[in-house]
Amino acid sequence: VDGASQMRHAIAQLLPTLLLTRQPACRQLVMREAPTASATQGVANLVISEGGDWLVVNKPSGTSVHDGPLSLLALLKGAGLGSRCVPAHRLDIETSGVMLVAKSPEAVPALQKALASPQTLKSYRAVLRGRVREPQGLWSQKLTTKSEGRRNPQGSAQDRVDAQTWFEVLGGNGRATVAQLRLHTGRTHQIRKHAALAGNPVLGDTRYGDPAHAAGVARKFGFGGMALHSESLSLELDGKLQTFTADIPSSWLPLLQPLGDLSAPSPASQTPALNSTSQPSRSVETGETGRGTVVSWNLRRGYGFVARAEGTFTPGADPGEIYVHQRSILKTARGDGYRSLRVGEPVEFTLATMPTDGRMEALRVTGPDGAPVQGQPPMPAKPVGRRAAPRAGSAPRKAGDGQDR
22 VDGASQMRHA IAQLLPTLLL TRQPACRQLV MREAPTASAT QGVANLVISE
72 GGDWLVVNKP SGTSVHDGPL SLLALLKGAG LGSRCVPAHR LDIETSGVML
122 VAKSPEAVPA LQKALASPQT LKSYRAVLRG RVREPQGLWS QKLTTKSEGR
172 RNPQGSAQDR VDAQTWFEVL GGNGRATVAQ LRLHTGRTHQ IRKHAALAGN
222 PVLGDTRYGD PAHAAGVARK FGFGGMALHS ESLSLELDGK LQTFTADIPS
272 SWLPLLQPLG DLSAPSPASQ TPALNSTSQP SRSVETGETG RGTVVSWNLR
322 RGYGFVARAE GTFTPGADPG EIYVHQRSIL KTARGDGYRS LRVGEPVEFT
372 LATMPTDGRM EALRVTGPDG APVQGQPPMP AKPVGRRAAP RAGSAPRKAG
422 DGQDR
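Each residue of the sequence shown is one higher than the one before, starting from 22 at the first, in my numbering.
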């Protein structure tokens, strides 16, 4: 057996030990599962896909990307999967899921350029504390580009820059919400900060949330980590658009079971009922492409309809309007990355069929000849109303009476 094979086997045996991490919030040892089919396949099965200059891996929660001899990069290097591996981007220690790794420092600039492309989509799944009131929306509070804390997740005002996180509620109850989130910018701890600012911190986040609550979750559900998972990454690699996915860790099951079926709904559906028994639904591409004009767009909910141009669909097919969701827009002319369509603008797209009812959906939406769509800005935030002045002769308000806490 060669040295590389011996190293693979040795690290595979050590992997369960590597994932035995101490959680300060709950003061106990929690065994984490690696995203592998068996212990003997440990490190090799971390790899989702591989190209000439890159690896896409499924990073386990609790594993540092680059610090120490038991980091993700050390595992990959030791297993002979890349002697000069460098992360093209980062995931927090407690965040699991899809991550892009360069096989050499020379490959990093091209991969980072691909990650920064407007057509790149990063999708996350998270369990958030409490009920998120809006079914979907955009968190757009400005953030700093460094780690902060629960007292001020935004950081110093002079250091803040634009940051946008799209969220969509999949289900939940009064105590927890499962959401799908997409990054339009890439700031440090962006999802964690925005969720905390919304009043719904990521479950188990002891930096931006309440450590005592995280400890309570660990005691009740046996879950001692942070419920944030990099679910999918779509970007152009090796000249073609590719999508990589990673399943939700099995350690989440105790958290998810009380919340009902939380699979991602089809874009046309509404937020699922809390105890829905419906099955996951995904649109199926037909292989046809088409052109059309945007006839309506719901700016608040992020979807609309396109009327197909004559001659761009199969003869005899229903020429009705085609549904389009903002996550299907590949390129936008807006500098902030916000995806939307403007009524009347021409678009091109790939046709797909919704499995729930057979209706048509537009995917991979661009402007004519692949140009960016025009789009429109997001809805402005509602202004905060001023408190009315007290009427003459009224009793003075006591300190703290009626104020937000």
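Here a beta-carbon is modelled for each residue, glycine too, at the ideal position from N, C-alpha and C. The model shown is predicted, which means the values in this text are computed figures rather than measured ones.
### Task
Could you name the residues of the same chain whose beta carbon sits closer than 8 Å to that of I212, not counting the 5 residues immediately before and after it, in chain order?
The sequence position of residue 212 within the sequence shown is 191, counting from 1. Excluding positions up to five away in sequence, the list reads Y145, A147, T186, L202, L204, V223, L249.
### Cα-Cα separation, G176 to A217
Stepping through the sequence shown from its first residue, residue 176 is reached at position 155. Stepping through the sequence shown from its first residue, residue 217 is reached at position 196. The straight-line gap from Cα to Cα measures roughly 13 Å.
### Query
Using a Cβ-Cβ cut-off of 8 Å (strictly less than) and excluding sequence neighbours within five positions of D88, which residues of its own chain qualify?
The sequence position of residue 88 within the sequence shown is 67, counting from 1. Contacts found: none.
### Task
Please name the residue in G158, D180, R154, R152 whose C-alpha comes closest to that of L164.
Position 143 of the sequence shown, counting from 1, holds the residue named residue 164. Taking only the C-alpha atoms, the option nearest L164 is D180.
### Task
Alpha carbon to alpha carbon, how far is R385 from S255? Give it in angstroms, no decimals.
Locating residue 255 in the sequence shown gives position 234, where the first residue counts as 1. Locating residue 385 in the sequence shown gives position 364, where the first residue counts as 1. Each residue's Cα considered, the two are about 11 Å apart.
### Task
Could you please give me the residues that DSSP links to N79 through a beta bridge?
Here residue 79 refers to the residue found at position 58 when the sequence shown is read from its first residue. For N79, which the question treats as bridged, DSSP gives the partners V119.
### Query
Which value, in whole angstroms, describes the spacing of the CA atoms of L351 and L94?
Position 330 of the sequence shown, counted from the first residue, corresponds to residue 351. Position 73 of the sequence shown, counted from the first residue, corresponds to residue 94. So the two alpha carbons sit approximately 31 Å from each other.
### Query
Can you give the beta carbon distance from R360 to T353, rounded, assuming they're within the 8 Å contact cut?
Taking the first residue of the sequence shown as 1, we reach residue 360 at position 339. Taking the first residue of the sequence shown as 1, we reach residue 353 at position 332. Indeed they touch by this definition, with Cβ atoms about 5 Å apart.
#### Entry: For V148, the first and last residue of its enclosing alpha helix (DSSP H)
Taking the sequence shown and counting its residues from 1, the one referred to as residue 148 is at position 127. Note, V148: premise wrong, no alpha helix (DSSP H); beta strand (DSSP E) at 142-150.
### Message
Need the endpoints of the beta strand (DSSP E) that L202 sits in, please.
### Response
In the sequence shown, counting from the first residue as 1, residue 202 sits at position 181. Its beta strand (DSSP E) spans residues 197-204.
### Query
Is S161 closer than 8 Å to P399 when the C-beta atoms are compared?
What you label residue 399 is simply residue 378 of the sequence shown in a count that begins at 1. What you label residue 161 is simply residue 140 of the sequence shown in a count that begins at 1. A contact, by the Cβ cut-off of 8 Å.
### Query
Between the beta-carbon of I343 and the beta-carbon of E382, is there less than 8 Å?
Position 322 of the sequence shown, counted from the first residue, corresponds to residue 343. Position 361 of the sequence shown, counted from the first residue, corresponds to residue 382. Contact flag set, yes.
### Query
Can you give the Cα-Cα distance for R240 and L276, rounded to whole angstroms?
Walking along the sequence shown from the start, residue 240 turns up at place 219. Walking along the sequence shown from the start, residue 276 turns up at place 255. Cα to Cα, the separation comes out at about 12 Å.
### Message
Looking at the ligand SAH, does it come within less than 7 Å of K167, judged from the CB to the closest heavy atom?
### Response
By its list of ligands, the structure shown contains no ligand whatsoever, and the ligand SAH lies outside what it can speak to.
### Message
By the three-class DSSP mapping on this structure, what secondary structure does E252 have?
### Response
By one-based count along the sequence shown, residue 252 stands at place 231. Reduced to three states, the DSSP call for E252 is strand.
### Message
If I measure Cβ to Cβ from G243 and keep anything under 7 Å in the same chain, skipping five residues before and after, which residues do I get?
### Response
In the sequence shown, counting from the first residue as 1, residue 243 sits at position 222. Answer for G243: P275, listed in chain order.
### Query
Counting along the chain, where does the beta strand (DSSP E) carrying F326 start and finish?
Here residue 326 is taken as the residue at index 305 of the sequence shown, counted from 1. Where F326 is concerned, the enclosing beta strand (DSSP E) stretches over 324-329.
### Task
Would you mind stating whether M120 and S251 have Cβ atoms separated by less than 8 Å?
Taking the sequence shown and counting its residues from 1, the one referred to as residue 120 is at position 99. Taking the sequence shown and counting its residues from 1, the one referred to as residue 251 is at position 230. The answer is yes: Cβ separation under 8 Å.
#### Entry: Nearest neighbour of I114, chosen from S92, A135, A128, V153 [CA to CA]
Along the sequence shown, read from residue 1 onward, the residue named residue 114 stands at position 93. That would be S92, whose Cα lies nearest to the Cα of I114.
### Query
Closest by CA to S82, which one among E169, D74, K134, D226?
As a first step, residue 82 is located in the sequence shown; it is residue number 61 there, counting from the start. S82 has its Cα closest to that of D226, out of E169, D74, K134, D226.
### Neighbourhood of N221 by C-beta, 7 Å cutoff - its chain only, sequence neighbours within 5 removed
Reading the sequence shown from its first residue, position 200 is the one you call residue 221. L149, R150, G151, V153, T198.
### Task
Have a look at Q397 and L362 and give me their C-alpha separation to the nearest angstrom.
By one-based count along the sequence shown, residue 397 stands at place 376. By one-based count along the sequence shown, residue 362 stands at place 341. Approximately 6 Å, taken between the alpha carbons.
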